[in-house]
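Numbering (my numbering), first residue to last: 434 to 774.
C-beta atoms are modelled at their ideal positions from N, C-alpha and C, and glycine is treated no differently.
Report on the structure given below.
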Ligand SMILES: [Zn+2]
């Protein structure tokens, strides 16, 4: 079967792999139909010095497919069902897993597509508990954006930042996959949204998605614009995933007691923080990575009632490397999704 494999740092190749084994007890086999791209794919492609892994590995962290066969004891899915794959190899029995906080699993065995073989392949056999049923109303491409993109945003906005109706939120890089999803979900929750992007075309598209105010961060200091828009007060919540390029300004955009939630650092990994400002303003910084099974289900329920992910483009499996490199260019609005026939 065909798969897209990371052969060495920086080099992806289409390879022919043996068929996966028939599902054993507690396992199922999925025919992959869509894989959504994320910044973690770009980190993976570049090579991560601290990631313990042995190449080659199959790429792809976020995806959806159709169940082909189930092993003994699997009752929550049957052949023909649409499922999404939770790529964290969580143990299922530690305290965090038992309490439904799978992204804090104490025995996590890595992330498929990053530390271990991932989802960019025609068929996969995996533990059935990592395949979550998806609503039939969603296309495979849409469902593929649930387990990482939409679920991460769900976890950030509601479990972590506890965004409430009537609050103001600043969403950085609102044209990205998580940024566009955050605009949709924050508006759906009744917040007032300020979103940033670096081109007029992206600003127009963010407005069309429902953003109340948009700022071109290349033309305007966004922290000044936020102060003007909020009558000097600042926003209740900042949604961060850019890192060094925006970090200081994001903290300056918060009102006293405001919350910054972050899930990424696409512009680098270190940024200075004004600690005096941090504690005098009683700011809260909340770090977020991944999501729980519950968040994936919440995300899919929102998609099924109309919050459809913004899909920039769909690509064939052999073009996945180009798609990942496009993420670096920032010339993307929404999600790039690889589809498999
Ligand atoms: Zn666990």
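{"Asked": "Beta bridge counterpart(s) of residue 444 as assigned by DSSP", "Found": "441"}
{"Asked": "Distance cut-off 6 Å: residue 694 Cβ against heavy atoms of ligand 1", "Found": "no"}
{"Asked": "Delimiting residues of the beta strand (DSSP E) encompassing residue 670", "Found": "668 to 673"}
{"Asked": "beta-carbon residue 671 near ligand 1 non-hydrogen atom, thresh 6 Å", "Found": "no"}
{"Asked": "At least three beta-carbon pairs within less than 8 Å, the region 735 to 750 to the region 623 to 632", "Found": "no"}
{"Asked": "Any non-hydrogen atom of ligand 1 within 6 Å of residue 728 CB", "Found": "no"}
{"Asked": "Entirely enclosed alpha helix (DSSP H) segments - the region 556 to 584, minimum 4 residues", "Found": "573 to 576"}
{"Asked": "Beta-carbon proximity check, residue 507 vs residue 437, cutoff 7 Å", "Found": "no"}
{"Asked": "Near ligand 1: residue 578 beta-carbon under 6 Å from a heavy atom", "Found": "no"}
{"Asked": "Whole-angstrom distance between residue 536 and residue 717, CA atom to CA atom", "Found": "21 Å"}
{"Asked": "Beta-carbon proximity check, residue 529 vs residue 538, cutoff 7 Å", "Found": "yes"}
{"Asked": "At least three beta-carbon pairs within less than 8 Å, the region 547 to 561 to the region 479 to 497", "Found": "yes"}
{"Asked": "Whether residue 767 touches residue 572 by CB criterion (7 Å)", "Found": "no"}
{"Asked": "Cβ-Cβ distance between residue 522 and residue 754 below 7 Å", "Found": "no"}
{"Asked": "DSSP bridge partner residues for residue 544 (one or two, in chain order)", "Found": "521"}
{"Asked": "Among 519, 739 and 686, the one whose alpha carbon lies nearest that of residue 661", "Found": "686"}
{"Asked": "beta-carbon residue 540 near ligand 1 non-hydrogen atom, thresh 6 Å", "Found": "yes"}
{"Asked": "Runs of alpha helix (DSSP H) wholly within the region 602 to 690 (minimum 4 residues, chain order)", "Found": "610 to 621, 633 to 642, 655 to 662 and 680 to 685"}
{"Asked": "Contacts around residue 636, its chain only, beta-carbon distance under 7 Å, and the 5 residues preceding and following it disregarded", "Found": "630, 647 and 649"}
{"Asked": "Which listed residue (618, 502, 527 and 526) has its alpha carbon closest to that of residue 595", "Found": "618"}
{"Asked": "Reduced DSSP secondary structure (H/G/I, E/B, other) of residue 762", "Found": "helix"}
{"Asked": "Any non-hydrogen atom of ligand 1 within 6 Å of residue 586 CB", "Found": "no"}
{"Asked": "Beta-carbon separation (whole angstroms), residue 603 vs residue 659, contact threshold 8 Å", "Found": "6 Å"}
{"Asked": "Which listed residue (592, 774, 439 and 434) has its alpha carbon closest to that of residue 474", "Found": "439"}
{"Asked": "Beta-carbon gap between residue 770 and residue 580 smaller than 7 Å", "Found": "no"}
{"Asked": "Whether residue 585 touches residue 610 by CB criterion (7 Å)", "Found": "no"}
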